[in-house]
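For the sequence shown, position 27 (counting from the first letter as 1) is numbered 46 according to my numbering, and the numbering increases by one without interruption.
Notes follow once the structure below has been shown.
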Amino acid sequence: MRRLIAGPCALLAAFFVSFAAHAQSARPVEVQYGFWPPSFALEQQRVFDKQLEAVKPQTAGKRDVYILAAGLYGGHVFENEAAQGALALQAHFNTDASRTIVLSNDHKPGATLYAASTPAHIQTALGRLAEQMDKEEDVAVIFLTSHGSQNAGIAGHEPNLAGEGALADYMITPGALRGALDASGIKNRIIILSSCFAGQFIPTLQDPRTVVLAAASPDRTSFGCQAERDWTYFGDAFFAQSLPQSKSIVKAFEDAKGVIGGWETQGNLTPSQPQSFVGAQAAKFLAEIEK
């Protein structure tokens, strides 16, 4: 049964590693970053290499869908939401694991399923998808889930494997994400953001060939981000409940808004007000990939 534990997904980290500014360098400026134990670093490299190698090239004459899903903050809720959200997207768009990369910062040395959501891994994964797809024809779905910070972005956090605190903290800003996508050359984009204040990304990401679905307005928190949960409120309502029942991702988002609103009313919570943007040319590729 659902646990109505609310707790706003407020950003707790004090120092960040910021992606470079929009349309500037593709490398992040590192402010706080530690080292993995060598054995875990090797494990990570092997897992990531396998994930990259597994991505299949596009099918000539067909509009394929590629997925990058990343749980940016350590904790079960974000890894599960990224992995299960990717599966829901695969089912909806009739694609599979061969065109999907899942990243997670919920590290499990010795049992790593997904490479870490480091800035370098995110950029490399995006580059690999772009390399294998037809960047003019195919569609990239980018799903990020984490805590968020108002007027800043969506946060990445790697827990310290050797003790308390953080191994690394960074922030993906709206301009950084737009810059990375533009640099990749991918034209058709569906961007899904599950975090507090996620609506702050919409003005920067707007494009005629882009869809943006955000869990909260620029000035509102979202809910359900406790580490032990399986889903955030947004992830549960959208991926687990609405998307499997709908032939349209945009309609599923609208349906999810109603579900979330009911939970927020029940919990006496300030409405998160999920927001969306659908570019004028996006209807064309949506009609083809949602047949």
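No residue lacks a Cβ here, since even glycine has one placed at the ideal position from N, Cα and C.
Note that this is a predicted model, so its numbers are computed, not measured.
If you pair each beta-carbon of the region 235-244 with each one of the region 116-123, do three or more pairs fall below 8 Å? No: the two stretches stay apart, fewer than three of their Cβ pairs being nearer than 8 Å.
Do you know how far the Cα of Asn179 is from the Cα of Ser44? With a pLDDT of 37 at Ser44, under the threshold of 50, the modelled position of this residue cannot be trusted; read the value that follows with caution. Going by the C-alpha atoms only, they are around 28 Å apart.
Pull up the distance between the alpha-carbon of His41 and that of Ile191, whole angstroms please. Summary for His41: the model assigns pLDDT 39, below 50, so the residue's position carries little reliability, and this model does not support an answer.
Quick check: what's the CA-CA separation for Ile141 versus Asp249? 23 Å
Curious, which full-length beta strand (DSSP E) runs of at least 3 residues does the region 147-207 contain? 158-164, 172-178, 185-191
Of the choices Asp255, Asn113, Ala187, Leu106, whose alpha-carbon is the least far from that of Thr137? Ala187
When we look at the beta-carbon of Thr229 and count the other beta-carbons within 10 Å, is it buried (16 or more) or exposed? Buried.
Just to confirm, is the Cβ distance from Ser213 to Ala185 under 9 Å? no
Given this structure, state the Cα-to-Cα distance separating Leu262 from Asp157, to the nearest angstrom. A straight-line Cα-Cα distance of about 21 Å links Leu262 and Asp157.
Taking only three categories from DSSP, how would you classify Thr131? coil
From the DSSP output, which residues share a beta bridge with Gln109? Answer is none; Gln109 lacks a bridge partner.
Take the Cβ of Gln294 as the centre, count every other Cβ of all protein chains shown within 10 Å, and call the residue buried at 16 or more, exposed below. buried
Measuring CB to CB, does Asp274 end up less than 9 Å from Gln264? yes
On the three-state DSSP scale, how would you describe Thr143? helix
Chain-order list of residues whose beta-carbon lies under 7 Å from that of Asp153 (same chain, five-residue window excluded): Gln77
Ser58, enclosing beta strand (DSSP E) - first and last residue: Taken as a continuous stretch (DSSP letters only), Ser58 belongs to no beta strand (DSSP E), being part of the alpha helix (DSSP H) at 57-72.
Quick check: the Cα distance between Ala88 and Asn287, rounded to an integer number of angstroms? Those two C-alpha atoms are separated by around 31 Å.
Given that a residue counts as buried once 16 or more other Cβ atoms are within 10 Å of its Cβ, and exposed if not, what is Lys310? Answer is exposed; the Cβ neighbour count stays below 16.
Under DSSP, the alpha helix (DSSP H) around Phe304 begins and ends at which residues? Per DSSP, Phe304 belongs to the alpha helix (DSSP H) from 301-308.
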